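K.L.:
Below is a structure I'd like to ask you about.
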């Protein structure tokens, strides 16, 4: 799956991931391959994902995530690595 | 006849001014690149946000009753003129200041106008005038990050929500290209249209939307407002450096012309002095010969 994490200042991450989980506004959830298309608001919390190098964790301060056709886009105003 | 020494001094002073304008041009060019980079960095976020907003808002029927889109009778207007902190950039600042002052005096003379200047030049200009001034954010250009700009945008949005203003207008220089800046008068609030036109309406319904469309619209519309504000600031920032680059380029050119003329005068003066000297010597020699 392709994952993009974007803030207004810059693109934080772009790359291939096998798994990603998000702090959804109504509880956290995980996205795996072939997830149904979803748009979800994000609460403040941890975004984590696993790519070839291992697991990464960052903290977002709200935002929104869109998943479609194995392409995940995270829009956050602020990301703390 | 001009004094040789005076001309020499003028040549020196003009060429040292030219060095400064040249250096300033180079600095502006470097800063312009950085400013343009920032606009490029911001673009993916803005586009994706507009796309997502488009996806969810086109699925809902009718208008949402979001507070930022509600029009009220206009009694209190907030103007946000965006200028630079420093001068020496041609008509960049005066265009904005004149444009804003014109609007205040001619179109909004019956309303209560408050000004929230951004940039030191705008602050200096408006603090001398009659309109009340919000001076919390005029130093925004010290650090043009979203984090920083967001605060200003949030302040304005909150003030609008609390009905302290019924209309918010941003006046800024839009970045067209290095040489051209366009003065834009943009209504920030209330929102004139929710961003993005409705598309064919087929792809949208496939999405699972969590927690609800309304929640997301409530969440994302302020985001896109902040982005709009951020874009105006970034545009103005890039425009400023573009304008300064052009102004300094012109100044360097003018200094060149001036130097050319001065050098001509200098050479002529020098030649005249030499001719004079020779004349005197010859005359002196002749006089000596005559007396022998």
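Protein chains in written order, with my numbering: chain C, 2 to 82; chain G, 95 to 386.
Note that beta-carbon positions come from the ideal geometry of N, C-alpha and C, so glycine has one too.
None of the values given here were measured: they were computed from a predicted structure.
Could one say the Cβ of residue 244 (chain G) lies closer than 8 Å to chain C's Cβ atoms, at least one of them?
P.N.:
The sequence position of residue 244 (chain G) within the second chain is 150, counting from 1. Yes, residue 244 (chain G) counts as interfacial toward chain C.
K.L.:
Name, please, each residue of chain C whose Cβ falls closer than 7 Å to the Cβ of residue 301 (chain G).
P.N.:
Within the second chain, numbered from 1, the residue matching residue 301 (chain G) stands at position 207. Simply 38, 39, 40.
K.L.:
Against chain C, which members of the segment 226 to 251 of chain G pass a CB distance test of less than 8 Å?
P.N.:
The segment 226 to 251 of chain G vs chain C, Cβ under 8 Å: 239, 240, 241, 244.
K.L.:
Once the 5 residues before and after residue 75 (chain C) are set aside, which same chain residues still bring their CB inside 6 Å of it?
P.N.:
In the first chain, counting from the first residue as 1, residue 75 (chain C) sits at position 74. Closer than 6 Å at the Cβ level, and outside the excluded window around residue 75 (chain C), lie 6, 66.
K.L.:
For residue 266 (chain G), decide whether its Cβ has a neighbour in chain C, counting only Cβ atoms nearer than 8 Å.
P.N.:
By one-based count along the second chain, residue 266 (chain G) stands at place 172. No, because no Cβ of chain C sits closer than 8 Å to the Cβ of residue 266 (chain G).
K.L.:
Runs of 3 residues minimum, wholly inside the segment 139 to 184 of chain G: which ones carry the beta strand (DSSP E) assignment?
P.N.:
Listed in chain order, the complete beta strand (DSSP E) runs (minimum 3 residues) inside the segment 139 to 184 of chain G are 170 to 175.
K.L.:
Identify every residue that forms a DSSP beta bridge with residue 4 (chain C).
P.N.:
In the first chain, counting from the first residue as 1, residue 4 (chain C) sits at position 3. Residue 4 (chain C) pairs with C:16, C:73.
K.L.:
Do residue 317 (chain G) and residue 238 (chain G) have their C-beta atoms within less than 8 Å of each other?
P.N.:
Translated into positions along the second chain, residue 317 (chain G) becomes position 223. Translated into positions along the second chain, residue 238 (chain G) becomes position 144. The answer is no: Cβ separation not under 8 Å.
K.L.:
Anything in the segment 118 to 144 of chain G with a Cβ closer than 9 Å to a Cβ of chain C? List those residues in chain order, please.
P.N.:
For chain C, the residues of the segment 118 to 144 of chain G that bring a beta carbon within less than 9 Å of one of its beta carbons are 132, 135, 136, 138, 139, 140, 142, 143, in chain order.
K.L.:
Once DSSP output is grouped into helix, strand and coil, what is the label at residue 59 (chain C)?
P.N.:
Stepping through the first chain from its first residue, residue 59 (chain C) is reached at position 58. Residue 59 (chain C) falls in the strand class under three-state DSSP.
K.L.:
Whole angstroms is fine: what's the gap from residue 46 (chain C)'s alpha carbon to residue 215 (chain G)'s?
P.N.:
Here residue 46 (chain C) is taken as the residue at index 45 of the first chain, counted from 1. Here residue 215 (chain G) is taken as the residue at index 121 of the second chain, counted from 1. Residue 46 (chain C) and residue 215 (chain G) have their C-alpha atoms roughly 41 Å apart.
K.L.:
Rounded to a whole number of angstroms, what is the C-alpha to C-alpha distance between residue 255 (chain G) and residue 261 (chain G)?
P.N.:
Along the second chain, read from residue 1 onward, the residue named residue 255 (chain G) stands at position 161. Along the second chain, read from residue 1 onward, the residue named residue 261 (chain G) stands at position 167. Answer to the nearest angstrom: the Cα atoms are 11 Å apart.
K.L.:
Roughly how many angstroms lie between the CA atoms of residue 44 (chain C) and residue 32 (chain C), to the nearest whole one?
P.N.:
Residue 44 (chain C) sits at position 43 when you count from the first residue of the first chain. Residue 32 (chain C) sits at position 31 when you count from the first residue of the first chain. Rounded to whole angstroms, residue 44 (chain C) to residue 32 (chain C) spans 16 Å at the Cα level.
K.L.:
Hey, is the segment 318 to 327 of chain G in contact with the segment 349 to 364 of chain G, meaning 3+ C-beta pairs nearer than 8 Å?
P.N.:
no
K.L.:
How about residue 314 (chain G) and residue 146 (chain G): are their beta carbons less than 8 Å apart?
P.N.:
In the second chain, counting from the first residue as 1, residue 314 (chain G) sits at position 220. In the second chain, counting from the first residue as 1, residue 146 (chain G) sits at position 52. At a Cβ-Cβ threshold of 8 Å, residue 314 (chain G) and residue 146 (chain G) count as neighbours.
K.L.:
DSSP three-state label for residue 232 (chain G), please.
P.N.:
Reading the second chain from its first residue, position 138 is the one you call residue 232 (chain G). When DSSP states are grouped into helix, strand and coil, residue 232 (chain G) belongs to the coil group.
K.L.:
What in chain C is Cβ-close to residue 309 (chain G), meaning under 8 Å?
P.N.:
As a first step, residue 309 (chain G) must be located in the second chain, where it is residue number 215. By Cβ distance, chain C contributes 26, 42.
K.L.:
Using a Cβ distance threshold of 8 Å, determine whether the segment 96 to 108 of chain G contacts the segment 18 to 37 of chain C, with at least three qualifying pairs required.
P.N.:
no
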